[in-house]
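Taken in sequence, the protein lines are chains W and F.
For what it's worth, numbering that gives the first Met the number 0 labels the leading residue of the first sequence as 0, then goes sequentially.
For what it's worth, numbering that gives the first Met the number 0 labels the leading residue of the second sequence as 0, then goes sequentially.
Note that beta-carbon positions come from the ideal geometry of N, C-alpha and C, so glycine has one too.
From a predicted model like this one, the values you see are computed outputs, not experimental measurements.
Quick notes on the structure that follows.
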Amino acid sequence: MTGAHTGLYVYAFVRAGRGLPGGYTGIGPHPAPVRLLDRGRLGVLVSDVDSERLSGLRDADVTEQSELAVRAREHDQVVRAAAERGPVLPFRFGTVLRDDAAADRLLAEHHDAAMALLAHVDGKDEWGVRLRARSPVGDEPEPDRSSGASYLASRRRHLHDLDRRRGRQREIADRIQQDLQSWAADAADRPDRDSLLDIAVLVDHSAEDAFLRHVGQLAAQAAEAGVLLDTTGPWPPYSFSHAALEVRDG
Amino acid sequence: MTVQPIQPRRSPDSLADVLERVLDKGVVIAGDIVINVLDIELLSIKLRLFISSAQTAKEMGMDWWSRDPFFTTAADREPIDTDRDSELESLRARVRELEGQVQDSGRELR
Chain W
0 MTGAHTGLYV YAFVRAGRGL PGGYTGIGPH PAPVRLLDRG RLGVLVSDVD SERLSGLRDA
60 DVTEQSELAV RAREHDQVVR AAAERGPVLP FRFGTVLRDD AAADRLLAEH HDAAMALLAH
120 VDGKDEWGVR LRARSPVGDE PEPDRSSGAS YLASRRRHLH DLDRRRGRQR EIADRIQQDL
180 QSWAADAADR PDRDSLLDIA VLVDHSAEDA FLRHVGQLAA QAAEAGVLLD TTGPWPPYSF
240 SHAALEVRDG
Chain F
0 MTVQPIQPRR SPDSLADVLE RVLDKGVVIA GDIVINVLDI ELLSIKLRLF ISSAQTAKEM
60 GMDWWSRDPF FTTAADREPI DTDRDSELES LRARVRELEG QVQDSGRELR
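Below, the structure is given as structure tokens:
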């Protein structure tokens, strides 16, 4: 692809030599092949991209069918394909470098830091665990309407019960959080979205079965307190690829 | 306490889960080797709105307030009105009765 708006989309750091087989294409409506650029023991997966086209996503709405959704899943697909062949450090969605020379500078300047992070996530997957309180709507007992005073008293009892239940749910969420943190190789608290707990844990492949059995136990304990436990995964280590790397020309 | 383990719900990776990761996480590069093409902050705000509206609609149903007695009197109005009517009726009857007694005793006094 040539043109005034060509840039180099970057997907992930990988180890040198761990490129994708031919036939894998990258992001965009007219996707270019995914390429591997190497330097030393470090590599980066890239594809040429029309940066003008990509910048149009700024105005995209977030819906299941939106272009943003399609491009995000394409990004995820490339990262996942790479994760099957070795450790990956995904880049933030939408990262576009000027050209191959810029990618080479990136590889050179952050070689050792990136290799250390790759070693940290090697052989591990990210799992998401989310706890949500079951909605109390529908559980409410019929209020006592025999008089105004008894109605208010039954409302007060109900609100008090809700309070106690929230307290119990908070307790179990804290306990599960500590449990998961002590259990996993690494854990990252994720931004809360109306949930009691939203956590990402990094789990060794060899411990995956034991982890899922353990989470099953936790789910049963949570359910007794009216808390739903959801897991997602396995994911590439998105939540464990936190690094801000600065590269300037010259 | 022994509890039977349950299979945790393995939800398929939803768009929200994917976007939360690819937009919010990952290695960030700063510097002039980067062509700045996306306003990630703006996209993140849209993502938050998308997540919370989907979540809210799913959790509550769109008509949740119609079932909460704190937010609606529609369900209560009828029985209360009936009570009030019958109470009024019995009060009226009692007043008629007392008025009758007063008139009777007045007649006697005269």
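Select from the options the residue whose C-alpha is nearest the C-alpha of residue i.
i                      : options                    : result
residue 185 of chain W : W:201, W:246, W:170        : W:201
residue 172 of chain W : W:237, W:4, W:144, W:131   : W:131
residue 199 of chain W : W:229, W:106, W:218, W:220 : W:229
residue 31 of chain W  : W:41, W:231, W:50          : W:50
residue 98 of chain W  : W:87, W:22, W:36           : W:36
residue 225 of chain W : W:170, W:195, W:133, W:219 : W:133
residue 194 of chain W : W:227, W:208, W:223, W:144 : W:227
residue 23 of chain W  : W:231, W:78, W:241         : W:78
residue 39 of chain F  : F:33, F:23, F:91           : F:23
residue 87 of chain W  : W:165, W:13, W:127, W:6    : W:13
residue 188 of chain W : W:83, W:166, W:237         : W:237
residue 217 of chain W : W:76, W:231, W:197, W:176  : W:176
residue 128 of chain W : W:164, W:21, W:211         : W:211
residue 42 of chain F  : W:72, W:61, W:214          : W:61
residue 196 of chain W : W:105, W:162, W:144, W:221 : W:221
residue 20 of chain F  : W:248, W:72, W:54, W:29    : W:72
residue 29 of chain W  : W:223, W:46, W:42          : W:46
residue 223 of chain W : W:209, W:170, W:15         : W:170
Once DSSP output is grouped into helix, strand and coil, what is the label at residue i?
i                      : result
residue 196 of chain W : strand
residue 188 of chain W : strand
residue 96 of chain F  : helix
residue 65 of chain F  : Any reading at residue 65 of chain F must be qualified, since the residue scores a pLDDT of 46, below 50, and its modelled position is unreliable; no value is offered.
residue 46 of chain W  : strand
residue 207 of chain W : helix
residue 18 of chain W  : coil
residue 125 of chain W : strand
residue 214 of chain W : helix
residue 141 of chain W : coil
residue 92 of chain W  : coil
residue 78 of chain F  : Any reading at residue 78 of chain F must be qualified, since the residue scores a pLDDT of 45, below 50, and its modelled position is unreliable; no value is offered.
residue 7 of chain W   : strand
residue 63 of chain W  : coil
residue 20 of chain F  : helix
residue 37 of chain W  : strand
residue 86 of chain F  : helix
residue 232 of chain W : strand
residue 201 of chain W : strand
residue 131 of chain W : strand
residue 243 of chain W : strand
residue 33 of chain F  : strand
residue 87 of chain W  : coil
residue 28 of chain F  : strand
residue 70 of chain F  : Note on residue 70 of chain F: pLDDT 49, under 50, position unreliable in the model; the coordinate value appears next. DSSP places residue 70 of chain F in coil when its eight states are reduced to three.
Assuming residue i contacts residue j (C-beta within less than 8 Å), just tell me the rounded distance between them.
i                      : j                      : result
residue 44 of chain W  : residue 81 of chain W  : 6 Å
residue 63 of chain W  : residue 14 of chain F  : 6 Å
residue 204 of chain W : residue 122 of chain W : 5 Å
residue 239 of chain W : residue 125 of chain W : 6 Å
residue 40 of chain W  : residue 114 of chain W : 6 Å
residue 18 of chain F  : residue 46 of chain F  : 5 Å
residue 182 of chain W : residue 213 of chain W : 7 Å
residue 53 of chain W  : residue 32 of chain F  : Going by Cβ atoms, the distance from residue 53 of chain W to residue 32 of chain F rounds to 16 Å, so no, they are not a contact pair.
residue 89 of chain W  : residue 26 of chain F  : 7 Å
Once you ignore the five residues that flank residue i on each side, which residues in its own chain have a CB closer than 7 Å to its CB?
i                      : result
residue 74 of chain W  : 10, 26, 92
residue 65 of chain W  : 59
residue 241 of chain W : none
residue 180 of chain W : 186
By Cβ distance, which residues of its chain are closer than 6 Å to residue i, with the 5 residues on each side in sequence left out?
i                      : result
residue 245 of chain W : none
residue 87 of chain F  : none
residue 19 of chain W  : 33, 80
residue 231 of chain W : 127
residue 160 of chain W : none
Leaving out five residues on either side along the sequence, give the residues of the same chain with a beta carbon under 8 Å from the beta carbon of residue i.
i                      : result
residue 48 of chain W  : 0, 5, 6, 7, 8, 25, 26, 27, 31, 95
residue 142 of chain W : 150, 153, 154, 157
residue 108 of chain W : 244, 246
residue 56 of chain W  : 66, 67, 70, 93
residue 103 of chain W : 36, 38
residue 51 of chain F  : none
residue 42 of chain W  : 12, 13, 14, 15, 16, 17, 18, 35, 36, 106
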